[in-house]
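Note that this note's numbering has the sequence shown beginning at 10, numbered continuously upward.
The block underneath contains the structure these notes are about, expressed in structure tokens.
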Amino acid sequence: MDIEELHEACLSLPHVEETFPFDDVTLVFKVGGKMFALISLDSHLPHVSLKCDPDKAIELRSKYEGITGAFHMNKKHWNTVNADSDIPKHLVLELIRHSYDLVVEKLPGRIKIRFEAHLSKSNTPADETF
Numbered sequence: 010m011d012i013e014e015l016h017e018a019c020l021s022l023p024h025v026e027e028t029f030p031f032d033d034v035t036l037v038f039k040v041g042g043k044m045f046a047l048i049s050l051d052s053h054l055p056h057v058s059l060k061c062d063p064d065k066a067i068e069l070r071s072k073y074e075g076i077t078g079a080f081h082m083n084k085k086h087w088n089t090v091n092a093d094s095d096i097p098k099h100l101v102l103e104l105i106r107h108s109y110d111l112v113v114e115k116l117p118g119r120i121k122i123r124f125e126a127h128l129s130k131s132n133t134p135a136d137e138t139f
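Below you can see the structure in the form of structure tokens.
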């Protein structure tokens, strides 16, 4: 996967906004005002930092060389996924959805109510086993 495919995958999810809150090269994807993905546009490697269940984060890092603790993020909850490595494309897409779902689950009820019509538990729920 390249950066454009990562970008499209993140934007394909409901109610996602893209911002540059840190600098002009770190693209941040948010849902309900909360971050779920970060892409560095100045990197020569296509990678994305994603929120992840802590136990799954450790498991994924041990299984794939292309998954590491996210730089400048809480490594307990965030992984960086090198999309041009040993990770299958379908898994990268699942991890993007997993990150999104984790963030949506923690949103206040008043925000989630606005999203209910668009969210479907049939599309890679956050508790799915990778």
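Backbone N, C-alpha and C fix where the C-beta goes; we use that ideal spot for every residue, glycine too.
In this structure, the CA atom of LEU54 is about 14 Å from the CA atom of HIS16.
ASP51 and PHE38 have their C-alpha atoms spaced approximately 16 Å apart. In the displayed model, ILE67 falls within a helix according to three-state DSSP. Taken through DSSP and simplified to helix, strand or coil, ILE122 comes out as helix. Checking the DSSP bridge columns, you'll see LEU22 has no partner listed.
Burial of ASN91 is indicated by the presence of at least 16 other C-beta atoms within 10 angstroms of its C-beta.
Across the set LEU22, ASP11 and GLY41, the C-alpha of GLY41 shows the shortest separation from the C-alpha of ILE122. Annotation: PHE29 to SER71 spans about 31 Å, alpha carbon to alpha carbon.
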